[in-house]
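Chains as they are written, first to last, in the numbering used here: chain A, -1 to 366; chain B, 549 to 856.
Beta carbons are placed, not taken as given, at the ideal position from N, Cα and C, and that holds for glycine.
Okay, so here's the structure we're looking at.
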Amino acid sequence: MRLDLLPRARPSPWLDLLSPALAFLAAVLIGGVAVAALGVSPVQAFVTYFVAPLSELWSIQEVALKAAPLALIATGLAFCYRANLWNIGAEGQFVVGGLAGGCVAIATQGSQGFGSQGFTGWILPAMLAAGTLAGIAFAMIPALLRVKLGVSEILTSLMLVYVAQLLLDYMVRGPLRDPNGFNFPQSVSFDDAARLPALFEGESLHAGVPIALFGIGLGALVLARTLFGFEVRAVGASPRAAGFAGFSDARLTLGVFAISGGAAGLAGICEVAGRIGQLQPEISPGYGFTAIIVAFLGRLSPPGILLAALVIALTTIGGEGAQIDLKLPLDLTRAFQGLLLGLVLGADVLTRYHVRLVPGGPAAKAAS
Amino acid sequence: MSFDIVQMVLVTVLTAATPLILAAIGELVAERAGVLNLGVEGMMVLGAAMGFAVATQTGSTLLGACGGVGAGLLLAALFGLLTVGLAANQVASGLALTILGLGLSGLVGAGYVGMKRDPAPHLHLPVLSDLPVVGPLLFGHDAFVYAAAFLVAGVWWFLWRSRAGLSLRAIGDDHTATHALGLKVRKVRFLAVLFGGACAGLAGAYLSLAYTPFWSPGMTAGRGWIALALVVFASWQPVRVAAGALLFGGATVLQLHAQAAGLGLPGQLLSAVPYLATILALVALSLGRRQGGSSAPAALGRVFAPSR
């Protein structure tokens, strides 16, 4: 048996849409078998993972709150991956963004604001700006090392994730620890002026979701409608042609890293100022890594990423439900997501090649 | 410093370097064939979980090591199918493999958290092992350490002294030309990926069976990624991989000792040393070779779909 790949003259447009769906279906089927092997009814598990989170208002909000940072980070990463640059350190940029924005919140703690009115409305925008800028700055390290010294951005961006996590850990246990916090490793709780407001009274959905949607829309616009976006797409489609067109490799690298770092940093501070409301040793359940899956599952296009983020958020919330209701381990969700990414990448082949399975062993080879 | 301490430090450096050598030497072969497998961390951590599970079930460290190798092979086969068979993107597939491996290792190891085993037995030769310094350093290790040394020598011989190794390196440099010459590009690459997986699985099994020796989720703690950096750092040369791994093992041990000594530095800074050292090593390397070209296999990371 031999697997032959014959390049298609042009990518098939409907397979482009169908292949992630096929991959998802295959992942669900394999997941079903795995669940059955763990002694749980696959139908029941499917309901818990994919239907139950959508049946109640609070869990729908949870899905939206999880999907927002994932989609925002993944939109930034799509710029990198389209340009064949591999920022896999979004997790670190997320953490640094949350830390920097959190520092602003702590520094302004108890501030009376400007003037007699006590204007504190500037604090939240300052936090968001600090988070975004910190994310950009942190992403500049691997980008500059690549541009100036030719160091692989893959390894440096990943190594910096560990550095960022340790930095946050140090700050929260050291300089930023709440002096009245009974030695718990956490900062003071932020003032209301430093929190993202809830969208509806008494609900968990907060302003981070529209901020993320705005960021994703902006990303989509830049990618589709600007010269820079065109450069990114051109380099992805044909690096040689882009070189002849005179697009600067260095500027592109710095640009896409700035976008992805900024998006991750913004997502980080939105998480801290939204759901958490203080700094803790851990502020991310792996958003930066999961966003990589989201980016590819969404085929590196903002609308697809939005959809993919919802699906992945659904499985994550569903996974938490499955852990409680069905005693299924959380690692099952992670394995499922890794499998899904692998299948999406494999299914990608269908859009670029005609796949032929040619029968024949050594005898057939000798004949040919 | 007394004699005993020097001896102890050298031995710990060697044990800290062993998992890095094992994982990096396997990845080196895969990369020499032109395949960049970023899934080392995933294969390693699944190897650690599977190795510990099998060893606990059977009571045999050898079978445990085989289990670890098997787990690495399984994930590597999946990766090979995707990237070599289906010409999928290698970077993204490697990331998928890491995420999958971390998830699966949690599933496999769930029942074994908190359990302890005796570490893998150490070699003991009468007279020789009792020699001062040289004894424990050369004749007092477990089988994994010797396997690592053997693999470095074997891979060096294979790549530079055998015909098959020459073909493998040629394929890693130019898949189109070697395909035209009639070499089996995809078969060789698939086998190289499998070898990398087996080595990563063995490295993981070493962690859970000899180094710690217990299983805890995510216990590889980025060693797979450091192994990847080591291959770059070593300019794709087996002997330099071993030297680099010893350097990193030294940095790790130094950090542990500094933490114990309480120098007043924050523990987090010391914990960040291996990662910062990796970045610095890559920077130093690229500063050093500014005038020369890159020594990376020319076709590294590029997909190959043969035109018939």
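DSSP three-state assignment for residue 374(A), whether helix, strand or coil: Residue 374(A) lies beyond the stretch modelled for chain A, which goes from -1 to 366, so this question has no answer here.
Within-9 Å CB hit, residue 307(A) to chain B: Residue mapping note: residue 307(A) aligns to position 309 of the first sequence, counting from 1. Answer no: the Cβ-Cβ gap between residue 307(A) and chain B never drops below 9 Å.
Residue 694(B): contacting residues in chain A (beta-carbon distance under 7 Å): Residue numbering aside, residue 694(B) sits at position 146 when the second sequence is read from its first letter. Neighbours of residue 694(B) on chain A: none; closest Cβ ~29 Å, over 7 Å.
Exposure of residue 84(A), with buried meaning 16 or more beta-carbon neighbours within 10 Å: Taking the first residue of the first sequence as position 1, residue 84(A) is located at position 86. When all chains shown are included, residue 84(A) counts as buried.
Proximal residues of chain A, C-beta to C-beta of residue 641(B) below 9 Å: To locate residue 641(B), count along the second sequence from 1; it is residue 93. Here the neighbours are 339, 340, 343 and 344.
Spatial neighbours of residue 744(B) in its chain, beta-carbon cut-off 7 Å, leaving aside the 5 residues before and after: The sequence position of residue 744(B) within the second sequence is 196, counting from 1. By the criterion of a C-beta distance shorter than 7 Å, residue 744(B) is surrounded in its chain by 574, 575, 577, 578, 585 and 624, once the five residues flanking it on both sides are discounted.
Residue 150(A), buried or exposed, once every other Cβ within 10 Å from all chains shown has been counted against 16: The residue given as residue 150(A) occupies position 152 in the first sequence. Buried: at least 16 other Cβ atoms inside 10 Å.
For residue 764(B), the nearest candidate out of 657(B), 726(B) and 722(B) (CA to CA): Position 216 of the second sequence, counted from the start, is the residue given in the question as residue 764(B). Looking from the CA of residue 764(B), the closest CA among 657(B), 726(B) and 722(B) belongs to 657(B).
Cβ shell of residue 369(A) (< 7 Å), same chain only, five flanking positions each side left out: Absent from the structure is residue 369(A), since the part of chain A shown begins at -1 and ends at 366.
Beta carbon of residue 328(A) nearer than 9 Å to that of residue 25(A): Walking along the first sequence from the start, residue 328(A) turns up at place 330. Walking along the first sequence from the start, residue 25(A) turns up at place 27. No, Cβ-Cβ distance for residue 328(A) and residue 25(A) is not below 9 Å.
Residue 762(B) - partner residues in DSSP beta bridges: Here residue 762(B) is taken as the residue at index 214 of the second sequence, counted from 1. Residue 762(B) is bridged to 664(B).
9 Å Cβ cutoff, residue 96(A) in contact with chain B: Walking along the first sequence from the start, residue 96(A) turns up at place 98. So no, residue 96(A) is outside the interface.
DSSP-derived helix/strand/coil call for residue 279(A): As a working mapping, residue 279(A) is identified with position 281 in the first sequence. Residue 279(A) carries a coil assignment under DSSP once its states are collapsed to helix, strand and coil.
CB contact check: residue 329(A) to chain B, cutoff 9 Å: As a position in the first sequence, residue 329(A) is number 331, starting the count at 1. Cβ-Cβ to chain B under 9 Å: yes for residue 329(A).
Enclosing beta strand (DSSP E) for residue 45(A) [first to last residue]: The residue given as residue 45(A) occupies position 47 in the first sequence. No beta strand (DSSP E) holds residue 45(A); DSSP gives it neither H nor E.
Min CB distance residue 768(B) to chain A below 9 Å: Numbered from its first residue, the second sequence carries residue 768(B) at position 220. It does not: the Cβ of residue 768(B) has no partner Cβ on chain A nearer than 9 Å.
Touching by the beta-carbon criterion (3+ pairs, under 8 Å), the region 93 to 101 of chain A and the region 72 to 80 of chain A: Counting Cβ pairs under 8 Å, fewer than three are found: no touch.
Beta bridge counterpart(s) of residue 1(A) as assigned by DSSP: By 1-based counting over the first sequence, the position of residue 1(A) is 3. Partner(s): 355(A).
Buried or exposed (CB count within 10 angstroms, at least 16 for buried), residue 322(A): Within the first sequence, numbered from 1, the residue matching residue 322(A) stands at position 324. Residue 322(A) should be labelled exposed.
Span separating the alpha-carbon of residue 566(B) from that of residue 697(B): In the second sequence, counting from the first residue as 1, residue 566(B) sits at position 18. In the second sequence, counting from the first residue as 1, residue 697(B) sits at position 149. Those two C-alpha atoms are separated by around 9 Å.
Residue nearest to residue 848(B) in terms of C-alpha spacing, selected from 721(B), 705(B), 755(B) and 783(B): Start at 1 with the first residue of the second sequence, and residue 848(B) comes out as number 300. Minimum Cα distance to residue 848(B) is reached at 721(B).
Alpha-carbon spacing of residue 210(A) relative to residue 265(A), whole angstroms: The sequence position of residue 210(A) within the first sequence is 212, counting from 1. The sequence position of residue 265(A) within the first sequence is 267, counting from 1. The alpha-carbon atoms of residue 210(A) and residue 265(A) are separated by roughly 7 Å.
Counted within 10 angstroms of its Cβ, other Cβ atoms place residue 239(A) as buried (16 or more) or exposed: Taking the first sequence and counting its residues from 1, the one referred to as residue 239(A) is at position 241. Exposed, since its Cβ has fewer than 16 Cβ neighbours within 10 Å.
Own chain, CB closer than 6 Å to residue 833(B), minus 5 neighbours either side, in chain order: Numbered from 1 along the second sequence, position 285 holds the residue referred to as residue 833(B). Only 781 meet the Cβ criterion.
Whole-angstrom distance between residue 33(A) and residue 253(A), CA atom to CA atom: Translated into the one-based positions of the first sequence, residue 253(A) becomes position 255. Translated into the one-based positions of the first sequence, residue 33(A) becomes position 35. Near 43 Å, if we compare the C-alpha coordinates of residue 33(A) and residue 253(A).
Chain B residues whose Cβ lies nearer than 7 Å to that of residue 5(A): By 1-based counting over the first sequence, the position of residue 5(A) is 7. What residue 5(A) touches in chain B: 853.
Neighbour flag for residue 726(B) against chain A, beta carbons, 9 Å: Residue numbering aside, residue 726(B) sits at position 178 when the second sequence is read from its first letter. Not one chain A Cβ lies under 9 Å of residue 726(B).
Reduced DSSP category for residue 176(A) - H, G, I as helix; E, B as strand; rest coil: One-based indexing of the first sequence puts residue 176(A) at position 178. Note: residue 176(A) maps to coil in three-state DSSP.
Which of helix, strand or coil DSSP assigns to residue 14(A): Position 16 of the first sequence, counted from the first residue, corresponds to residue 14(A). In the structure shown, residue 14(A) sits in a helix (DSSP, three-state: H, G or I).
8 Å contact criterion, which residue 650(B) and residue 590(B) should meet: CB distance rounded: On the second sequence, position 102 is the one that residue 650(B) refers to. On the second sequence, position 42 is the one that residue 590(B) refers to. Contact holds; Cβ gap of about 6 Å.
Validate contact between the region 595 to 608 of chain B and the region 241 to 252 of chain A using beta carbons, cut 8 Å, 3 pairs: no
Cβ-based burial, residue 554(B) [other Cβ within 10 Å; buried from 16]: Mapped onto the second sequence, residue 554(B) falls at position 6. It is exposed - the Cβ of residue 554(B) has fewer than 16 other Cβ atoms within 10 Å.
Alpha-carbon spacing of residue 243(A) relative to residue 88(A), whole angstroms: Here residue 243(A) refers to the residue found at position 245 of the first sequence. Here residue 88(A) refers to the residue found at position 90 of the first sequence. For residue 243(A) and residue 88(A), the distance between alpha carbons rounds to 30 Å.
Anticipated Cβ contact below 8 Å, residue 221(A) with residue 300(A), distance rounded: As a position in the first sequence, residue 221(A) is number 223, starting the count at 1. As a position in the first sequence, residue 300(A) is number 302, starting the count at 1. Confirmed, Cβ separation roughly 7 Å.
Below-9 Å beta-carbon distance, residue 145(A) vs any chain B residue: Start at 1 with the first residue of the first sequence, and residue 145(A) comes out as number 147. False, the Cβ-Cβ gap to chain B never drops below 9 Å.
Contact residues within the region 799 to 823 of chain B, judged by C-beta distance below 9 Å to chain A: 814, 815, 816, 817, 819, 820, 822 and 823
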